[in-house]
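All remarks here apply to the structure that follows.
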Amino acid sequence: MAPEHSPEPNARPDPPAVPAAVPPAAPFDAATPPAAADPAGLDSAAVARQVMRPEFIADPYPLYGRLRRWSPVHHLAELNVEVCTRYADVVTILSDPRFQKQDPDDGRPIAPSGMQRSMLMLDPPDHSRLRALVNRAFTPKVVAALRPRIADIASGLLEAVTARTGPAAGRADLVADFAFPLPATVIAELLGVPVADHDRFHAWSSRIVNITDATRPPEVRADAAAAQRELRAYFAELIAARHAAGPAAPHDDFLAGLIAAEEAGDRLTLDEVLAMCALLLVAGHETTANLIASGTLTLLRHPDQLATLRRDPSLAANAVEELLRFESPVQRTGRRTNAPVELSGHRLPRGTTVVALLGAANRDPAIFPHPDRLDLRRANANHHLAFGRGIHFCLGSPLARLEAEVALPMLLERLPRLALDTDRPEWRPNSTIRSLRALPVRF
Ligand code: HEM
Numbered sequence: 002m003a004p005e006h007s008p009e010p011n012a013r014p015d016p017p018a019v020p021a022a023v024p025p026a027a028p029f030d031a032a033t034p035p036a037a038a039d040p041a042g043l044d045s046a047a048v049a050r051q052v053m054r055p056e057f058i059a060d061p062y063p064l065y066g067r068l069r070r071w072s073p074v075h076h077l078a079e080l081n082v083e084v085c086t087r088y089a090d091v092v093t094i095l096s097d098p099r100f101q102k103q104d105p106d107d108g109r110p111i112a113p114s115g116m117q118r119s120m121l122m123l124d125p126p127d128h129s130r131l132r133a134l135v136n137r138a139f140t141p142k143v144v145a146a147l148r149p150r151i152a153d154i155a156s157g158l159l160e161a162v163t164a165r166t167g168p169a170a171g172r173a174d175l176v177a178d179f180a181f182p183l184p185a186t187v188i189a190e191l192l193g194v195p196v197a198d199h200d201r202f203h204a205w206s207s208r209i210v211n212i213t214d215a216t217r218p219p220e221v222r223a224d225a226a227a228a229q230r231e232l233r234a235y236f237a238e239l240i241a242a243r244h245a246a247g248p249a250a251p252h253d254d255f256l257a258g259l260i261a262a263e264e265a266g267d268r269l270t271l272d273e274v275l276a277m278c279a280l281l282l283v284a285g286h287e288t289t290a291n292l293i294a295s296g297t298l299t300l301l302r303h304p305d306q307l308a309t310l311r312r313d314p315s316l317a318a319n320a321v322e323e324l325l326r327f328e329s330p331v332q333r334t335g336r337r338t339n340a341p342v343e344l345s346g347h348r349l350p351r352g353t354t355v356v357a358l359l360g361a362a363n364r365d366p367a368i369f370p371h372p373d374r375l376d377l378r379r380a381n382a383n384h385h386l387a388f389g390r391g392i393h394f395c396l397g398s399p400l401a402r403l404e405a406e407v408a409l410p411m412l413l414e415r416l417p418r419l420a421l422d423t424d425r426p427e428w429r430p431n432s433t434i435r436s437l438r439a440l441p442v443r444f
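Numbering of the sequence shown is given in the working numbering, commencing with residue 2 and proceeding in unit increments.
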């Protein structure tokens, strides 16, 4: 599928992005005393220590809840950032142009990344130009045509799992056997990169996602940067091979469209092509794999809800929204202020870095009643911020939704006796991307 130029924003299939009434975040008052009043202690060093503990990685929501209640704009001195947990504040951060992705003084992207020239890291006008190039390829209508192919891939993966004999029969790791290869194959086919390389993509992107987490040790983040260089070199080689093959070997895929735009000269630089490929490949499978895997885990932990979905598969679309809300695959994102802004009564000077905790906003009781309860029929489940909001709203959301809507009901239908085969599913130690290392099941 070739990228096309389109001035239209990506359409969303669901109700208004902003709930009719988002209560304004209250300033500090008697009901929301400052951090010092929290009996459990929420000083900056204590919070910084907690975020890499296994208990936090396994269940970050109690700490999010305490921050939201006691210190909704929390200064984390260790990283010199303001951590924001209220839904209304997160909406402001994502949609108010006073918060941006590049430093207002030197223009450098605020998140360190080898994908510096990707749309995710840039503000308008570069952001608008890059997004417009690929926007049309990801609209719900275009993506809907992929449903049969997605179903084919999912079905093939489940057949392989159920056909096992010997000691492996009746058991699977749903991350390795299903949740990861499904979106990896879909995005590789879309982009036009060899599907046979998907294990290499996974290895690269598992390392690359660590760059998003400033709480990881320097050596882990250095390794993430190395993985980014390797992925970039992989795409550079692929593009060089396409150039060498010349017009005698034409391709009709996304990569061919990007190469044509680059050759046209004024719309896309080679650096931008490489950043776009890396972004789509990593964003296109890592997060969706996590949605399918942690969505399955969440259902298995809520047997009543699982039974409801089995009885009524027409709930699948809303179930996916609720699972996105409940265990958001991307837990946070960042911005920097280009002007003084007030958030929940805090005055933030120009140049302040803010962390918008999507995973905390999605559990804000001001928007979602009983937020820690999984309710697949929740009426406003799709008001979650799991795909962000505003100009950087996830380009791939229609694809991610479709993949999960196909994958989850098929998994439940084909494996009617699905059960967890571990008491303690292991999460990767990353507080930005919520990701299971493995999901052992019996069926
Ligand atoms: C469950 C799966 C997914 C989740 C939870 C997710 C989440 C997000 C979030 C939160 C953002 C906004 C980040 C910010 O504001 O800083 C984003 C942006 C983006 N996502 Fe996704 N994503 C998912 C799947 C996908 C897929 C399948 C693709 C590609 C095919 C994709 C491509 C992108 C791109 C290109 C952007 C940058 C958009 C821009 O900067 O304008 N994502 N995603």
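Just so you know, even glycine gets a beta-carbon here, dropped at the ideal spot from N, CA and C.
Under 9 angstroms between C-beta atoms of residue i and residue j
i, j, result
"glycine 296", "glutamate 328", "yes"
"cysteine 278", "leucine 307", "no"
"isoleucine 240", "leucine 275", "yes"
"alanine 387", "arginine 326", "yes"
"threonine 86", "leucine 358", "yes"
"alanine 228", "arginine 217", "no"
Residue environment, residue i, which counts as buried when at least 16 other CB atoms sit within 10 Å
i, result
"proline 168", "exposed"
"serine 436", "buried"
"glutamate 343", "exposed"
"glutamate 238", "exposed"
"aspartate 106", "exposed"
"glutamate 1", "Only positions 2 to 444 of the chain appear in the structure, and residue 1 is not among them; the question remains open."
"valine 442", "buried"
"lysine 445", "Residue 445 lies beyond the residue range present for the chain, which begins at 2 and ends at 444; the question has no answer from this structure."
"threonine 270", "exposed"
"alanine 294", "buried"
"histidine 371", "exposed"
"glutamate 273", "buried"
"histidine 128", "buried"
"serine 156", "exposed"
"glutamate 323", "buried"
"serine 119", "buried"
"alanine 26", "Bear in mind that the predicted position of alanine 26 carries a pLDDT of just 41, short of 50, making it too unreliable to give a figure here."
"threonine 166", "exposed"
"alanine 408", "buried"
"arginine 208", "buried"
Backbone secondary structure at residue i - three-state DSSP
i, result
"valine 82", "strand"
"alanine 380", "coil"
"alanine 164", "coil"
"threonine 334", "strand"
"histidine 286", "helix"
"proline 126", "coil"
"arginine 348", "strand"
"isoleucine 368", "coil"
"valine 355", "strand"
"glutamate 427", "coil"
"glutamate 343", "strand"
"leucine 191", "helix"
"aspartate 174", "strand"
"valine 407", "helix"
"proline 61", "coil"
"arginine 268", "coil"
"serine 156", "helix"
"histidine 252", "coil"
Paired residues, beta bridge with residue i - DSSP
i, result
"glutamine 103", "Pro110"
"histidine 76", "Glu83"
"leucine 437", "Trp428"
"alanine 420", "Arg443"
Alpha carbon of residue i to alpha carbon of residue j, nearest angstrom
i, j, result
"alanine 223", "threonine 289", "25 angstroms"
"histidine 75", "proline 98", "21 angstroms"
"threonine 33", "valine 82", "Legend: pLDDT at threonine 33 = 40, less than 50; position of this residue unreliable, no value from coordinates given."
"proline 184", "glutamate 287", "8 angstroms"
"leucine 121", "leucine 396", "10 angstroms"
"alanine 234", "aspartate 365", "42 angstroms"
"leucine 377", "tryptophan 71", "29 angstroms"
"glycine 108", "threonine 354", "14 angstroms"
"glycine 391", "arginine 137", "17 angstroms"
"glutamate 160", "proline 61", "35 angstroms"
"arginine 172", "asparagine 381", "36 angstroms"
"serine 432", "proline 248", "46 angstroms"
"leucine 298", "proline 125", "39 angstroms"
"aspartate 253", "valine 162", "32 angstroms"
"isoleucine 188", "valine 210", "17 angstroms"
"arginine 336", "valine 356", "7 angstroms"
"aspartate 422", "alanine 439", "11 angstroms"
"aspartate 313", "arginine 374", "19 angstroms"
"proline 20", "alanine 362", "Reliability fails at proline 20, whose pLDDT of 39 lies under 50, so the model's placement of it is uncertain and the value that follows must be treated cautiously. Cα to Cα, proline 20 sits roughly 13 angstroms from alanine 362."
"isoleucine 151", "glutamate 404", "7 angstroms"
"isoleucine 154", "alanine 262", "30 angstroms"
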